[in-house]
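Colleague:
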Amino acid sequence: MNAIRIVGVLLFLFCLSCGRKEHDKQNKRVVHDHIGREMLFPKDIVYTRFLKDTIDYWMPENVEYKVVVYVDSTGCTECKLKLQEWKDFISYVDTLSEKKVAFIFFYNLSDYRKVAFRLKHENFDYPVCLNRSEELSRLNHIREGDRNHTFLLDKENRILEIGNPMFDLEVRDKYIAYMTDDRELLSFIENKTQVTVERPVIDLGKIGKVMEKEVSFLLKNTGRNPLILFEMQTSCGCTRATYDQRTALTNGEILVTAKVVKEYAGSFSETISIRCNTDDPIFLEIKGCVQ
Numbered sequence: 008m009n010a011i012r013i014v015g016v017l018l019f020l021f022c023l024s025c026g027r028k029e030h031d032k033q034n035k036r037v038v039h040d041h042i043g044r045e046m047l048f049p050k051d052i053v054y055t056r057f058l059k060d061t062i063d064y065w066m067p068e069n070v071e072y073k074v075v076v077y078v079d080s081t082g083c084t085e086c087k088l089k090l091q092e093w094k095d096f097i098s099y100v101d102t103l104s105e106k107k108v109a110f111i112f113f114y115n116l117s118d119y120r121k122v123a124f125r126l127k128h129e130n131f132d133y134p135v136c137l138n139r140s141e142e143l144s145r146l147n148h149i150r151e152g153d154r155n156h157t158f159l160l161d162k163e164n165r166i167l168e169i170g171n172p173m174f175d176l177e178v179r180d181k182y183i184a185y186m187t188d189d190r191e192l193l194s195f196i197e198n199k200t201q202v203t204v205e206r207p208v209i210d211l212g213k214i215g216k217v218m219e220k221e222v223s224f225l226l227k228n229t230g231r232n233p234l235i236l237f238e239m240q241t242s243c244g245c246t247r248a249t250y251d252q253r254t255a256l257t258n259g260e261i262l263v264t265a266k267v268v269k270e271y272a273g274s275f276s277e278t279i280s281i282r283c284n285t286d287d288p289i290f291l292e293i294k295g296c297v298q
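Residue numbers for the sequence shown follow my numbering, beginning at 8 and rising by one.
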């Protein structure tokens, strides 16, 4: 009887693995089919500020690249928006490219009021277009629920890369390589160092709904080269993380502070991923149970 159960579990895991491999193959085919194509835009695009006020927006003449972000209503909208992360990325790209990259956001959502509140609350003051007619997705065969909803375009709107740099660090590197006309890795990656974290996992235990909890992680540079933080991401918009400084010399420390606010009951586990000049990203975890 136990042998039958084991065989059943193995068959299930095999089928699950095959399903994931097939999904990855489909994503690769989608990316391959779209690279080099011209992205088509609706004729009458309405640009808004915070999804409320209609604004006049013209593409600056010096723009060499465009990043088009399409967000649909499939899954967790808050997790897809990544507003603060996009603001940080845009600011970083502006520094690198001398503002030669334009960012345009298309939203096709079910709850515009909630998103409009988030945009205003985060002061996300970038052009946001409504895609209620789904014309953008129809013209470019964008599949609902797919993470391949972010496109890097050249001057002629040809698609150079596909993928969301908020979720995929390799995609982010490719975007930056195009934007800066530098295909090599960023210089900070070449000077590796080592980092230790005394408590990489913090268990908050039981907490109440909408109760803000703050935790801290201490990163110590134990290598020979200076530690340089490049970017920091959280797994959900309910978690915000900041650091007290971007660099630390040998034996120096960087304090990472995170604030968590959970709205729904149940167990949770949120991850903070830090990209820096170490061989692998640093992952910090905050877990607990909301009552």
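Quick reminder that beta carbons are idealized off the backbone N, C-alpha and C, glycines included.
1) At a threshold of 7 Å, does residue 200 count as lining the ligand ZN (C-beta to nearest heavy atom)?
2) When you compare only the Cα positions, how much space is there between residue 163 and residue 233?
3) Please classify residue 74: is it buried, with 16 or more other beta-carbons within 10 angstroms of its beta-carbon, or exposed?
4) Start and end of the beta strand (DSSP E) containing residue 79?
5) Do residue 272 and residue 248 have their CB atoms nearer than 8 Å?
6) Output the distance between the C-alpha atoms of residue 173 and residue 179, rounded to the nearest integer angstrom.
7) Pull up the distance between the alpha-carbon of residue 193 and that of residue 298, whole angstroms please.
8) Nearest CA to the CA of residue 52: which residue from 59, 119, 63 and 44?
9) Of all the options 167, 212 and 292, which has the alpha carbon lying nearest to the alpha carbon of residue 42?
10) Give me the Cα-Cα distance between residue 202 and residue 277, rounded to the nearest whole angstrom.
11) Keeping to the same chain, check which residues put their C-beta closer than 6 Å to that of residue 134; ignore five residues upstream and five downstream.
12) Classify residue 285 as helix, strand or coil using the three-state DSSP reduction.
Modeller: Per the coordinate set shown:
1) Ligands displayed in this structure: none; no statement on the ligand ZN is therefore possible.
2) The straight-line gap from Cα to Cα measures roughly 41 Å.
3) Buried.
4) Run containing residue 79: 72-79, per the beta strand (DSSP E) assignment.
5) no
6) 7 Å
7) The predicted model places residue 193 with a pLDDT of 47, which falls under 50 and marks its position as unreliable, so this point remains unresolved.
8) 63
9) 167
10) 21 Å
11) 54, 64 and 111
12) coil
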